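Presented below is the structure to which this report refers.
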Amino acid sequence: MESVQINPIGNFDSWESSKLLELRQHQISECLGQKVLFENANIRLWEVVLLTNERLPFRKSNRDCCWICMTNALAISRIENGQINLMRLKKGDTTYWQSENEQTIFDLENIGEEILVFHIMEFREIENTREPYKNKL
Numbered sequence: 004m005e006s007v008q009i010n011p012i013g014n015f016d017s018w019e020s021s022k023l024l025e026l027r028q029h030q031i032s033e034c035l036g037q038k039v040l041f042e043n044a045n046i047r048l049w050e051v052v053l054l055t056n057e058r059l060p061f062r063k064s065n066r067d068c069c070w071i072c073m074t075n076a077l078a079i080s081r082i083e084n085g086q087i088n089l090m091r092l093k094k095g096d097t098t099y100w101q102s103e104n105e106q107t108i109f110d111l112e113n114i115g116e117e118i119l120v121f122h123i124m125e126f127r128e129i130e131n132t133r134e135p136y137k138n139k140l
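Numbered according to the numbering used here, the sequence shown spans residues 4 to 140.
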């Protein structure tokens, strides 16, 4: 994955007014994707499918997650702090992020000519700890 910051943290000048309004009105989903593919006590596996120019509205995450891109795609993601990232995704790209009990609010928009498909694995807390699932096996 190639990612380039195209708007810095704290700068909302280039943001569309509709996106700012969405944040101000707290129109924020707790679902990381559009569809749950699998769920148990340890993980929840989400699917995201975005056609060209389709957008996944703002959502929040406060759990450790990883994702894998299933297609080649071009996307932008806006973060509640003003940062906007341009991402060139390749099939098979993966990323892991650790929340460290911090909430992140973001959106995702497919600005490429191909369908964007990826899966997000959301790790749940186990036995009231922040230890990853793999350490409990």
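For every residue, glycine included, the Cβ atom is placed at its ideal position computed from N, Cα and C.
Keep in mind the model is a prediction, meaning the values are calculated, not measured.
**Message:** Using the three-state DSSP reduction, which class does Lys22 fall into: helix, strand or coil?
**Reply:** helix
**Message:** Quick check: is any heavy atom of the ligand FAD less than 8 Å from the C-beta of Gly85?
**Reply:** As presented, the structure is devoid of all ligands, the ligand FAD included, so that no description of it is given.
**Message:** Under DSSP, the beta strand (DSSP E) around Asn44 begins and ends at which residues?
**Reply:** The displayed chain sequence assigns Ala, not Asn, to residue 44. Looking at the DSSP string, Ala44 is not in any beta strand (DSSP E), and its letter there is neither H nor E.
**Prompt:** Just curious, the beta strand (DSSP E) that Ser64 is in, first and last residue?
**Reply:** 58-64
**Asked** For Trp70, does the count of other Cβ atoms within 10 angstroms reach 16, so buried, or fall short, so exposed?
**Response** buried
**Asked** Does the count of Cβ pairs from the segment 30-39 and the segment 113-120 closer than 8 Å reach three?
**Response** no
**Prompt:** Any idea if Ile87 is buried or exposed, counting beta-carbon neighbours within 10 angstroms, 16 or more meaning buried?
**Reply:** buried
**Endpoints, beta strand (DSSP E) assigned at His122** = 119-126
**Request:** Starting from the C-beta of Ser6, find all residues in its chain whose C-beta is less than 6 Å away, skip the five residues before and the five after it, and write them out in chain order.
**Result:** Asn88, Met90
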